[in-house]
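Student:
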Amino acid sequence: MPKKRREQPVYTNVEITDAGAEGKAVARVNDQVVFIPFAAPGDVVDIQVTKKRRSYLKGKILEIHTYSDKRTEPRCEHFGTCGGCKWQHLKYEEQLRFKQKQVKDNLSRIGKFEMPELHPILPSENIYFYRNKLEFTFSGRRWLTEYSKEIDFADRNMNGLGFYMPGMFDRVLDINNCYLQEEPSNSIRLAVKDYTQQLGLEYYDVKNHTGFLRNLLIRSSTTGDLMVVLVVKYEDHGKINEVLQFIADKFPQITSLMYAVNTGVNDVFANFEIKLFKGNPYIEEEMEGLRFRIGPVSFYQTNSHQAYQLYKVARDYAGLTGNEVVYDLYTGTGTIANFVASRSKKVVGIEYVESAVEDARVNSELNGLDNTSYFAGDIARVLDEDFVNDNGKPDVVITDPPRAGMHQTVVEQLLKIAPERIVYISCNPATQARDVTLLDEMYAVEEIQPVDMFPHTHHVENVIKLVKRK
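So that you can map any letter, position 168 of the sequence shown is 179 in the numbering used here, and since no number is skipped, the others follow by simple counting.
1) Would you tell me roughly how many angstroms separate the C-alpha atoms of Glu-297 and Thr-313, rounded to the nearest one?
2) Could you pull out every residue in the same chain whose Cβ sits closer than 8 Å to the Cβ of Asp-20, ignoring the five residues on either side in sequence?
3) Can you round the beta-carbon distance between Val-337 and Pro-405 to whole angstroms, since I take them to be within the 8 Å contact cut?
4) Am I right that Tyr-319 and Lys-476 are in contact with their C-beta atoms under 8 Å? What's the rounded C-beta distance?
5) Do you know offhand how far Thr-92's Cα is from Ile-436's?
6) Can you give me the C-alpha to C-alpha distance between Lys-204 and Ser-231, rounded to a whole angstrom?
7) Which term fits Asn-122, buried or exposed, when burial requires 16 or more other beta carbons within 10 angstroms of its beta carbon?
8) Could you please give me the residues that DSSP links to Tyr-22 through a beta bridge?
9) Only counting the same chain, and skipping five residues up and downstream in sequence, which positions put a Cβ closer than 8 Å to that of Leu-255?
10) If you draw a straight line from the alpha carbon of Arg-152 to that of Lys-63, how long is it in whole angstroms?
11) List the whole-angstrom C-beta distance separating Leu-191 from Gly-95, where the pair is believed to meet the contact cut-off of C-beta under 8 Å.
12) Could you work out which residue in Val-37, Leu-133, Ala-50 is closest to Val-324 when comparing CA atoms only?
13) Quick one: what does DSSP say Gln-460 is sitting in, helix, strand or coil?
14) Please list the segments of the beta strand (DSSP E) lying wholly inside the stretch 24-94, counting only runs of 3 or more residues, in order along the chain.
15) Tell me, please, whether the CB atom of Asp-247 is closer than 8 Å to any CB atom in chain C?
16) CA-CA distance, Arg-480 and Leu-449?
17) What first and last residue would you give for the beta strand (DSSP E) that runs through Asp-185?
18) Does DSSP put Thr-346 in a helix, a strand or coil?
19) Enumerate in chain order the residues of its own chain whose CB-to-CB distance from Val-272 is below 7 Å, with the five nearest sequence positions on each side excluded.
20) Which residue or residues does DSSP assign as beta-bridge partners of Asn-226?
21) Tell me which same chain residues have a C-beta within less than 6 Å of the C-beta of Lys-105, skipping the five on either side of it?
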């Protein structure tokens, strides 16, 4: 006989006190911390424990008795189900306050260094329709909402085109309307879903690895360029051409229409060939007169307007006069390298991904820059004494590592190279605090600037200016 699942406890009239890890709200019950999604500091709620850990609990709201004045009405009908915009129920000024606090708490608790007062966080110019890239998934196993469950089983349409449900690899939430990307993103997704269902094309089943339609990628730019990429499981030119021609006819503003065949079990775009159907194999973005070519797999900050604000802070912190050698670590497609090149003597970019380095070289050529050079490889191995001898000692290092932060070897190399200034851009203040602590023996933190790149989420970027101690 299967074991009976133990009923988890319910706590009543619990006051939410803070916003914490992964965007969840925080309360205390019997001297234990409880993390609760979709609550707001100031709420008084009844909660049920969903998971017990040694040092904390996870819970869900059963009933709200008092609504916090920090709340606002979520704009999206999918809020609370979709995992995308977990803070949409918080007023934007409160989101900014919690992000500022998140940066300060991480730097002060994890970091062991003196720091100045943080500059006020730079808010996003747009809090809706700010993303330039969205990837949707076709699924024959869509998540059933309460409304869907009321429909007779025989009449249920199990096809969905949207986002994966949080924590589920095999369930997709069918999206009616998304407020993350400007039109015609919603219209394209809805039209493609409607047309492919009319054709009777099979949506992908991740468990059984069956079906035809897999993914739909939409990238846009401030220049008006628009890219759509359709990913299918197997080569069938008749089906592919029919869907792509429909998209091309329905949305003539698309400047890059592409497709790919992915026979593998995962959805990593970089793993398969992407073929051009119509238009250019790229879109272009513009920033201060600089042009950046963006392919289907190219990295580019997903909030174009806010990326400009972020890069201006980085350039300002670099303190460039035109005479400096600058190293741009984790350069990606060379966006920052291009952005600072006109005020530098020379810019050297290093990036792990070979295709990104190729994009960086194209971008520098596109912008007529002859003082940039790019190298592909593991930065922990590339950045050594020989590399510095060959490329010149940097006066300034700009580093923008992934969430895991810099490898300890990279930090040690920076201490040996000893540039005058380091500009550290991070999407994870916790690992940034760890790395800056390691640099503290030689560098003082002079300025700290948080930047909000992702409204309605708990994610925050942070820029730190480090200056070599005298």
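A virtual CB, placed ideally from N, CA and C, is assigned to each residue, including glycine. Remember, it's a predicted structure, so these values are computed and weren't measured experimentally.
Tutor: In this structure, then:
1) As the crow flies, the alpha-carbon of Glu-297 is around 14 Å from that of Thr-313.
2) Checking the sequence shown, residue 20 turns out to be Pro, not Asp. Take Pro-20, set aside five residues on each side of it, and the residues of its chain with a beta-carbon closer than 8 Å to its own are Gln-59, Val-60, in chain order.
3) Between the beta-carbon of Val-337 and that of Pro-405 there is about 6 Å, and that keeps the pair under the 8 Å contact cut.
4) Going by Cβ atoms, the distance from Tyr-319 to Lys-476 rounds to 19 Å, so no, they are not a contact pair.
5) Answer to the nearest angstrom: the Cα atoms are 32 Å apart.
6) Those two C-alpha atoms are separated by around 20 Å.
7) With the sequence shown as reference, residue 122 is identified as Gly, and Asn is not the correct amino acid for it. Gly-122 is buried by the Cβ-count criterion.
8) Partner(s): Ile-58.
9) Same-chain partners within the cutoff: Leu-241, Leu-268, Tyr-270, Phe-288, Lys-289.
10) Approximately 30 Å, taken between the alpha carbons.
11) Contact between Leu-191 and Gly-95 holds: CB atoms are separated by about 7 Å, below the 8 Å threshold.
12) Taking the Cα of Val-324 as reference, the smallest distance to any Cα among Val-37, Leu-133, Ala-50 is reached at Leu-133.
13) In the three-state reduction of the DSSP assignment, Gln-460 falls in the strand class.
14) You should have 36-40, 43-47, 55-63, 67-77.
15) This model lacks chain C altogether, as it is built from one protein chain only.
16) Each residue's alpha carbon lies about 14 Å from the other.
17) For Asp-185, the uninterrupted beta strand (DSSP E) segment begins and ends at 183-185.
18) In the structure shown, Thr-346 adopts helical secondary structure according to DSSP, grouped into three states.
19) Non-local beta-carbon contacts of Val-272 in its own chain, meaning distances under 7 Å to residues more than five positions away in sequence, involve Val-243, Tyr-245, Glu-246, Phe-283 in chain order.
20) Bridge partners of Asn-226: Thr-148, Val-242.
21) It is Glu, not Lys, that sits at residue 105 in the sequence shown. Lys-81, listed in sequence order.
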